[in-house]
Amino acid sequence: MGEASDEEGDAPVLPRRVRRADIVARKDLNKVTDFSVVKTTLNKFCKSKARALPWDEVLADMNKGVLEAYLLANVHVLRLCKAGLPIPPLTNTFFNQCISLVMEMSGARGPKNDELLLSRDVYNSFRDPTAPRSSRKFIHRGWVHNAANQMATMAQNAVCLNFYRRFHKFLKRKYGVDGRDAYSLLERILANAYDGQDAFVLEWRARIPRTTTGAPKMTPHLMVPLTYRFLQDIEERNRISQGDHELRQVRSFTILPTKRGFECSHMKMCKLGLRALLQRAGIWVPPEGPKWNAVEKTYWRRLFNIKKFETANRKFAGQIVTDGKAISIVMRKPKREPDPEQARVFSMSEFNVMWGLDPGRRDLFVATNQLGETVSCSTKEFYEEARYTKAKQKIKGWQDRSPRVLEAIRNMPTKKSASLETLGYYIRFMTTRMDLLLGFARRKPFRRLRLRSFIFMKKKLR
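When the count follows the numbering used here, it moves up by one through the sequence shown with no breaks and lands on 464 for the last residue.
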């Protein structure tokens, strides 16, 4: 036998890829089942033992962690854009690291990401040092992972879905074009191929990341530098027109999304989240892995009224989404075979009355049939019927009777800026009052109002 060459000896030995049995089973099940959701209250879903679990404690830590993680992500992106450094992929791994860095580490190792650690130091220099951090005890498995997945989805939607509209408005402001001209300019910039000689079009086409076919590559981290450029233009124009009362200020935005207000957000709990919740309550549970997978269904049915919501075809999928008041129970049901009747084209003679629906501008919708009958619903009527108007009045009353909360809300600085210093001022102000505002939203029945508005909204749209 010949001796192995140096190249063969230095070749890295890759670990054998392991396929987890539970993931393989879930993928196979996804091929033959669909998902549906049942919405109810947490009290109805929980048995007496489950009601005693530390729901409020875990949800409070998760909401505080997500609130700060969004801000850390924005600090990181703004710092990299300002320095001209590449933006990392905005995946669930990135947001998982952000959540871990803003919560108490409890001896856990931080991410091996030097740039993100530098951004963490910048964020901590803005943050009020006296503000306590949320605890990630046990919930770093399950709860944090699910929140990171949701944050990655929100970031992708916020950057990619708003890119076309923001680019369109930017071109209108920068080049003074409007209407059809602005639309034509944007279409030439984003087209897969362009053989013209327009200098403006060629300049901006060179800045758009593209796929091998020439189409714009709508990947969020590649779109962030251009989004940062749009935001800089807005701030510059607002600064110039600040003293002129005849000019209207342009509405700004944040590079990445942030948590919506201080109300308790809905958090997903899977089988690992259930295990973490039980550990938070001081209950011994089997170790994570095959031993926990073998008994997790027993724990679900022992703690929750699952049979109450299951039917012959609809079975519990092992996931819930809750804010501590409302709960969405994820169910599985068999996939339906395509119905040949659905593909058939119906003729007008098969119907006595045909309605045409127009979304409308001011009205929520306007519908008219061939008999001249009209049905409409105004936006004002919808908000009143869905109890949104009444909920806003109640919230205003709660805030007016809480001077410290009202002072914090009225004096809250803006976070919608391309300036790291402006965002830092917001972080310092907000983190000083963070526990006050989050606690106020938990004590007052904000979640009950939100659930009630959802119920009446569904009733109105039936």
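Cβ atoms here follow ideal geometry from the backbone N, Cα and C, with glycine treated the same way.
Remember, predicted model here, so these are calculated numbers, not experimental data.
When secondary structure is reduced to three states using DSSP, Leu359 falls in the strand class. For the 8 angstroms CB-CB criterion, His268 and Asp325 form a contact. Around the beta carbon of Pro340, fewer than 16 other beta carbons sit within 10 angstroms, so the residue counts as exposed.
Counting the other CB atoms within 10 Å of its CB gives Pro222 a total of 16 or more, which places it among the buried residues. Listed as beta-bridge partners of Asn371 by DSSP are Trp357.
Counting C-beta pairs closer than 8 angstroms gives fewer than three between the region 61-77 and the region 200-216, which falls short of the contact rule. With a cutoff of 8 angstroms on beta-carbon distance, Thr229 and Phe165 are scored as near each other. A direct Cα-Cα distance of roughly 10 angstroms separates Asn307 from Ala52.
Beta-bridge partners assigned by DSSP to Lys41: Ser330. In this structure, the straight-line span from the alpha carbon of Arg207 to that of Thr370 is close to 45 angstroms. Nearest C-alpha to Lys382 among Leu359, Gly181 and Tyr390: Tyr390. Excluding residues up to 5 positions away in sequence, Leu74 and Val77 lie with their Cβ nearer than 6 angstroms to the Cβ of Tyr125 in the same chain. Spatial neighbours of Met459 in its own chain (CB-CB distance under 7 angstroms, excluding positions within 5 residues in sequence) are listed in chain order as Ala388. Taking 8 angstroms as the cut-off, the beta carbon of Thr132 is found no closer than this to the beta carbon of Lys335. By the criterion of a C-beta distance shorter than 6 angstroms, Ser136 is surrounded in its chain by Asp63, Lys66, Gly67 and Met105, once the five residues flanking it on both sides are discounted. Val377 carries a strand assignment under DSSP once its states are collapsed to helix, strand and coil.
Per the C-alpha coordinates, the member of Leu87, Glu409, Arg21 and Lys418 positioned closest to Glu117 is Leu87.
Judged by DSSP in its simplified three-state form, Thr424 adopts helix. Here Ser254 carries a coil assignment [DSSP, helix/strand/coil]. In the DSSP secondary-structure assignment, Ser137 is bridged to Glu106. Rounded to whole angstroms, the gap between the alpha carbons of Arg18 and Ala283 is 37 angstroms. Exclusion of the five residues before and after Leu359 leaves Phe367 and Ala369 as the residues of its chain whose Cβ lies within less than 7 angstroms of its Cβ.
For Ile257 and Arg304, the gap between their C-alpha atoms comes out near 45 angstroms. Around the Cβ of Gln372, a 10 Å sphere holds fewer than 16 other Cβ atoms; the residue is exposed.
Sorting Leu453, Lys461, Ser380 and Arg464 by C-alpha distance to the C-alpha of Leu44 places Leu453 at the top. Inter-residue distance for Arg182 and His170 is about 11 angstroms (C-alpha atoms, whole angstroms).
For Phe255, same chain residues with a beta-carbon under 7 angstroms away, outside a window of 5 residues either side, are Leu233 and Lys418 in chain order. Looking at Leu438, Phe448 and Gly320, the one whose alpha-carbon comes closest to that of Arg28 is Gly320. Cβ neighbours of Trp57 within its own chain (closer than 6 angstroms, five residues either side excluded): Gly326. Here Leu82 has Ile89 as same chain residues with Cβ atoms under 6 angstroms from its own Cβ, once five neighbours each way along the sequence are excluded. Under the DSSP assignment, Ile322 falls in the beta strand (DSSP E) whose first and last residues are Lys317 to Thr324.
Residue environment analysis places Tyr428 among the buried positions, since at least 16 neighbouring C-beta atoms fall within 10 angstroms of its C-beta.
Using a Cβ distance threshold of 8 angstroms, Val407 and Leu451 do not count as a contacting pair.
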